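Only one structure is covered here, and it is reproduced in the block below.
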Amino acid sequence: MPGPNPFRWAARFADWFEQRGVYVPGEENHTVDPWRDFGWLIVVWVLGIGGLILFFALAT
């Protein structure tokens, strides 16, 4: 029985963002929705900060 797979989690995040839609340049008739327009950036930032915290926690 395989354990948790982080690549599968990343693929689920990608599918989730693709299903919600992505920003189309030139489509200026909607308000800025942070999760729709900058979702990947937010997820990468949170994972990066979490990784740094985990790294420094294990290093001590």
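To convert, note that position 9 of the sequence shown is 9 in our numbering; the numbers rise steadily by one, no gaps. Don't be surprised by glycine CBs; every beta carbon is placed ideally from N, CA and C. If you're wondering where the values come from, they're calculated on a predicted model, not measured in any experiment.
Where do the N-terminal and C-terminal ends of the alpha helix (DSSP H) with residue i fall, by residue?
i	result
P34	P34 to A59
P6	P6 to R20
Compare the Cα-Cα distances from residue i to each of the options and report the closest residue.
i	options	result
D37	A57, P4, Q19 and L58	Q19
I42	T60, F13 and I53	F13
Rounding to the nearest angstrom, what Cα-Cα distance links residue i and residue j in this structure?
i	j	result
L47	T31	26 Å
F55	W40	22 Å
P34	G51	22 Å
A10	F17	11 Å
W45	I53	12 Å
R8	D15	10 Å
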